[in-house]
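Peer 1:
In my numbering, the protein residues as written are 101 to 492.
(1) So, do the stretch 462–469 and the stretch 402–422 have three or more beta carbon pairs nearer to each other than 8 Å?
(2) Take residue 480 and list the residues in its own chain whose beta-carbon comes closer than 8 Å to its own, dropping the five residues that flank it on each side.
(3) Would you call the CB atoms of residue 382 and residue 345 closer than 8 Å?
(4) Report the residue ranges of all alpha helix (DSSP H) runs contained in full by the stretch 370–441; include only those spanning at least 4 residues, in chain order.
(5) Could you give the residue range of the beta strand (DSSP E) that holds residue 140?
(6) Which residue's Cα is closest to the Cα of residue 373: 130, 426 and 397?
(7) Per DSSP, what kind of secondary structure is residue 322 in: helix, strand or coil?
(8) For residue 437, does the count of other Cβ atoms within 10 angstroms reach 16, so buried, or fall short, so exposed?
(9) Pull up the CB-CB distance for residue 237 and residue 169, whole angstroms please, since I reckon it's below 8 Å.
(10) Could you give the DSSP three-state label for residue 327: helix, strand or coil?
(11) Assuming residue 159 and residue 142 are in contact, meaning their beta carbons sit under 8 Å apart, how far apart are those beta carbons, in whole angstroms?
(12) Express the C-alpha separation of residue 318 and residue 485 in angstroms, rounding to a whole number.
(13) Could you give the first and the last residue of the continuous alpha helix (DSSP H) run that contains residue 213?
(14) Please state the DSSP three-state secondary structure of residue 159.
(15) Taking residue 214 as the reference, give the member of 324, 200 and 235 with the closest Cα.
(16) Which ranges does the alpha helix (DSSP H) cover as unbroken runs of at least 4 residues, wholly within the stretch 239–318, from first to last along the chain?
(17) Within its chain, find whatever has a CB closer than 7 Å to the CB of residue 153; leave out the 5 residues flanking it on each side and keep chain order.
(18) Determine the extent of the alpha helix (DSSP H) in which residue 461 is found, giving its start and end residues.
(19) Ignore the nearest five residues each way along the sequence and tell me which others in residue 376's own chain have a CB closer than 7 Å to its CB.
(20) If contact is defined by three or more beta carbon pairs under 8 Å, each pair taking one atom from either stretch, is the stretch 287–305 in contact with the stretch 416–424?
(21) Using CA atoms only, rank isn't needed, just tell me which of 350, 365, 451 and 313 is closest to residue 242.
(22) Look at residue 279 and residue 188 and say whether their C-beta atoms are less than 8 Å apart.
(23) Roughly how many angstroms lie between the CA atoms of residue 388 and residue 407, to the nearest whole one?
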C-alpha cells in the first residue's frame, strides 16, 4: 500500500505539528473509518506544515503490517465549494495516472496522488460538526522540503512540476472549476491591497509605509501576464498554481522528484505562474519567513537548475514567449505573494496561519527582498534561459 509523506524534518514520525495546535480535537478514528480503509485503527497525529488545511497522518494495522493514510480537514473559509474542488482533484488524479500508464510508467500510483473514496463512494466526508474531510493514499519513501537543499533537488522539483503540467494537457471534460477565483490575478491582488490600506481595519497601515511604497512602484508589473493571457498571446493551461518546493515529494534514496501534491489550486492559468512560484521558493536559501533579510537572495545556480528541470518536464510544450518570460515570472510571483502576505497582515491575519505576532509581515518582507535580488540579476537570468533554450 502506498502512502503520502509530507514531512519537513525528522523530529517526529508524524511531522512538525502536535496535538496542542488543535484546541478542539477532531475524532480522527471516526473520520478515518468513514473512508474505505482496511485494517484496525492504530494512531493519528497532525502532519506537515501547510498554511490552509488541517492535515493528519493516520496508521492502520492490516495483515501484519502498518499502513498509513493522509486525512485532511478542508478549510472551507478559503475553499468555499469543497464538492467542486474535489471534482477537480479527482479528474486531475485519474487523468495523470492514466497518462502515466499510457506512457508505460509502472509506478503511476506513486507519481500521481490517489484519493480514497468514502464508504458510500463519495469524494468527501462530512463529520458531525459539518466539516469536510478527504483522504489520500500515502506515498512512502519520499518527502517534501521547505528549503531546497541542492541544485539537483531544485532541478528534480522543477522537472516534476513541468511533467505534471504536461500530463494534464488535453484533460477531457471541459474547464476545471475555479476553486479560488482570480487566484493569480496579480493586478486584482494589488487593488485589494490598496483597498485594505485605505480601510486600515486593524490599525496597521501606518507601520508598513515602506512596504506599500515598494508595491506601488511596481504596480505596472502586476498586469503583465494577465494582459497577455487576455490578449491571447500567452496560452491558458491547466496549472498547479501553488508550486512551492514543499508541494512536490522528493524520493528519499534517489533524490528524484516523485509526486506533485496539494492540488487545491489546480485550475486554468499560465505556465509562468507555476514556474515563477518555483523560482520564489527554490532559489532563495532563506526560509519564507526569514527575519534576517541579508540572507534572502536569488541563487543563480538554483535558477539555472529550475530552468533546466522545467524544460525537461514540459518537453516541447512551452511557447517562445513563455520561455522568454521565465525570468520575469519569478519576480512577479515573489511580488504577488508579498502583496498577499501584506494584505493579510493589514486585515488582521485572517487567511494564512501565523505562529507569532507580525508573522505575515515577516513573510511579506522576505518576498520583497527576493524581488530586489531578482531585479539586480535579471540580465544574468535571461542569459541562462538563452543558454538552455538558445532558439528563444
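Heads up, the beta-carbon is just placed ideally off N, CA and C, and yes, glycines get one too.
Peer 2: This is what the structure gives:
(1) no
(2) 400
(3) yes
(4) 371–382, 400–414 and 420–424
(5) 140–146
(6) 426
(7) helix
(8) buried
(9) 7 Å
(10) helix
(11) 4 Å
(12) 23 Å
(13) Careful: residue 213 lies outside any alpha helix (DSSP H) and carries neither H nor E.
(14) strand
(15) 235
(16) 251–267, 286–299 and 309–316
(17) 172, 173, 174 and 175
(18) 459–476
(19) 429, 430, 432 and 433
(20) no
(21) 350
(22) yes
(23) 21 Å
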